[in-house]
DNA sequence: TATACTAAGTGTATAATGAACACTAAGTCG
DNA sequence: CGACTTAGTGTTCATTATACACTTAGTATA
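Residue numbers (this note's numbering), protein chains in the order written: chain E, 3 to 224; chain X, 3 to 224.
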């Protein structure tokens with residue numbers, strides 16, 4: 003093991019997460035303030051070192067739980083970043099994941115407001131530690147692309163929702179307007195939605211039918 | 003560093019490559035016979051440990067050059083496999099890449115036939131070491147998917163080619179027949195091809211116009 | 001040297017999909 | 001009860017995808 007490490011690199015391994023949500027009509031990502039060097043006091047993506055015997059995905063879910071309290075949300079491996087100089091102190095390779103969480107799931111009393119954690123609009127990012135801005139750019143690019151050809155956006159919706167809310171979610175992700183009638187036609191044609199029978203009666207207007215997703219995996223996910 | 007390694011995993015890091023080519027109308031992948039334990043004498047994907055100061059991509063290109071003698075071919079990072087038990091002896095995480103090489107480039111005198119290296123049809127694979135069958139399945143899936151919506155297939159073509167050869171290449175990758183007229187219309191409509199002016203006069207039939215790709219990157223690659 | 005053979009090369013009609021577009025319905029509020 | 005707000009709905013037109021068969025230009029050979 004020692005002779006080996008003279009020739010071969012045995013870097014630290016981390017997982018870093020781009021955890022997205024949508025709130026107040028903005029695509030947001032979770033950032034945490036670093037308490038330690040390097041980049042102390044800088045914002046960064048939540049992450050952590052891989053533990054002994056832990057799979058990469060398990061590590062990612064652990065970080066997710068630690069920071070958000072949630073599990074059972076959409077998550078996929080994004081890319082592995084291994085530039086030799088990405089950590090100024092020692093060689094660290096990070097396996098990046100991205101996750102989607104409906105804001106409603108987060109906005110609970112238990113996720114108390116803390117100053118070392120924030121949800122930042124992806125179009126107004128502070129300076130980030132390490133190569134986290136690259137990671138984030140890549141994650142946003144993938145999310146936008148997948149919104150176009152998969153139903154990944156579902157990962158951001160609450161249990162029940164109006165079609166207009168679903169449309170708004172798509173519009174926020176792809177950063178463009180959609181035609182209401184065409185959108186509704188297309189969504190209903192996929193056959194992934196079902197009416198709940200309930201109606202949303204908030205607001206001074208005609209009530210909206212509430213929908214939910216049929217129970218199934220996210221299609222076309224890879 | 004020592005205290006750290008008591009808590010955190012510092013695994014060996016390898017890169018493994020699914021190097022594809024097409025020969026005799028079959029999609030083939032390079033396999034190498036392992037000379038060492040574990041899995042001695044088993045076939046495996048070509049790979050190797052990450053060296054000090056080496057980026058992941060550089061490691062992948064190094065392995066590619068060692069095994070094929072080529073560079074400047076299409077390669078992309080595929081996925082990172084980190085199951086704690088994927089190597090029976092110690093923790094090793096592998097970053098998988100896939101590469102595409104035109105057979106003509108490989109079929110040179112210098113790539114002498116050796117018995118510890120083979121090109122295996124992806125539909126007739128031997129037993130593979132580690133989790134390499136999973137890696138390969140994932141690579142084939144990605145290649146097939148990308149053939150449908152990108153021009154990645156270009157990475158397998160020689161400098162000049164007939165349109166019928168290009169069509170055959172697509173048919174091998176996606177494992178389905180295509181309509182000749184529609185295929186030609188679609189390809190020429192992309193505006194990525196240009197006539198070379200030369201003709202292929204092999205065979206007892208009408209000569210075919212030879213085409214080449216306009217010089218540009220592979221589109222839609224991520 | 002004519003005929004058989006082979007792969008190259010070409011166009012059109014139909015179906016399916018995508019895009020543009022405006023009004024009525026059903027509630028609440030004042 | 002009239003003003004306001006969002007929900008909900010169809011049709012036309014343009015674009016794209018699909019299905020499909022014959023002529024062309026060479027070589028081989030009888």
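Ideal placement from N, C-alpha and C gives every residue a C-beta, glycine not left out. The structure displayed is predicted, hence computed values, not measured ones.
First through last residue of the beta strand (DSSP E) which encompasses residue i
i                      : result
residue 34 of chain X  : 28 to 35
residue 24 of chain X  : 14 to 25
residue 215 of chain X : 210 to 215
residue 202 of chain E : 195 to 202
residue 120 of chain X : 119 to 123
Residue i, enclosing alpha helix (DSSP H) - first and last residue
i                      : result
residue 184 of chain E : 182 to 192
residue 106 of chain E : 105 to 108
Same chain, Cβ closer than 8 Å to residue i, neighbours up to 5 away in sequence not counted
i                      : result
residue 140 of chain X : 80, 81, 98
residue 72 of chain X  : 66, 103, 107, 108
residue 144 of chain X : 80, 100
residue 4 of chain X   : Legend: pLDDT at residue 4 of chain X = 48, less than 50; position of this residue unreliable, value from coordinates given subsequently. Correct list: empty, nothing qualifies.
residue 138 of chain X : 20, 31, 47, 124, 127, 130
Candidates the options, of which the one nearest residue i by Cα
i                      : options                    : result
residue 83 of chain X  : X/66, X/162, X/13, X/160   : X/13
residue 101 of chain X : X/24, X/36, X/130, X/151   : X/24
residue 216 of chain X : X/44, X/197, X/45          : X/197
residue 234 of chain X : E/60, E/95, E/38, E/72     : One cannot answer for residue 234 of chain X here, as it falls past the ends of chain X, which runs 3 to 224.
residue 122 of chain X : X/109, X/30, X/202         : X/30
residue 211 of chain X : X/105, X/166, X/170, X/173 : X/166
residue 42 of chain E  : E/214, E/207, E/132, E/153 : E/132
residue 183 of chain X : X/177, X/176, X/191        : X/191
residue 185 of chain X : X/169, X/199, X/177, X/174 : X/169
residue 156 of chain E : E/135, E/214, E/55         : E/214
residue 59 of chain X  : X/181, X/76, X/47, X/206   : X/76
residue 18 of chain X  : X/206, X/135, X/153        : X/135
residue 161 of chain X : X/195, X/180, X/48, X/116  : X/195
residue 149 of chain E : E/175, E/124, E/129        : E/175
residue 142 of chain X : X/85, X/50, X/177, X/55    : X/177
residue 49 of chain X  : X/22, X/188, X/68, X/39    : X/68
residue 56 of chain E  : X/206, X/87, X/74, X/205   : X/87
residue 171 of chain X : X/62, X/27, X/61           : X/27
residue 38 of chain E  : E/118, E/204, E/208        : E/118
residue 154 of chain X : X/78, X/54, X/70, X/187    : X/78
Nonlocal neighbours in the same chain, by C-beta distance under 7 Å from residue i, ignoring five residues either side
i                      : result
residue 11 of chain X  : 93
residue 224 of chain X : Any reading at residue 224 of chain X is ruled out, since the residue's pLDDT is 42, under 50, leaving its predicted position unreliable.
residue 179 of chain E : 173
residue 91 of chain E  : 40
residue 189 of chain E : 165, 168, 195
residue 146 of chain E : 175, 176
6 Å CB neighbourhood of residue i in its chain, flanking five on each side removed
i                      : result
residue 164 of chain X : 202, 210
residue 222 of chain X : Confidence at residue 222 of chain X is low in this model, with a pLDDT of 47, below 50, so the placement of that residue is unreliable and no value is reported for it.
residue 44 of chain X  : 36, 131
residue 120 of chain E : 33
residue 22 of chain E  : 31, 102
Supposed close pair residue i, residue j - CB separation, criterion 8 Å
i                      : j                     : result
residue 104 of chain X : residue 33 of chain X : The pair is not a contact, with the Cβ atoms about 19 Å apart (cut-off 8 Å).
residue 20 of chain E  : residue 52 of chain E : With 8 Å as the limit, residue 20 of chain E and residue 52 of chain E do not qualify as a contact, their Cβ atoms being about 18 Å apart.
At which residue ranges does the region 46 to 102 of chain X contain complete alpha helix (DSSP H) runs of 4 or more residues, listed in the order of the chain?
58 to 70
What are the start and end residues of each continuous alpha helix (DSSP H) run of 4 or more residues lying completely inside the region 128 to 166 of chain X, in chain order?
134 to 151
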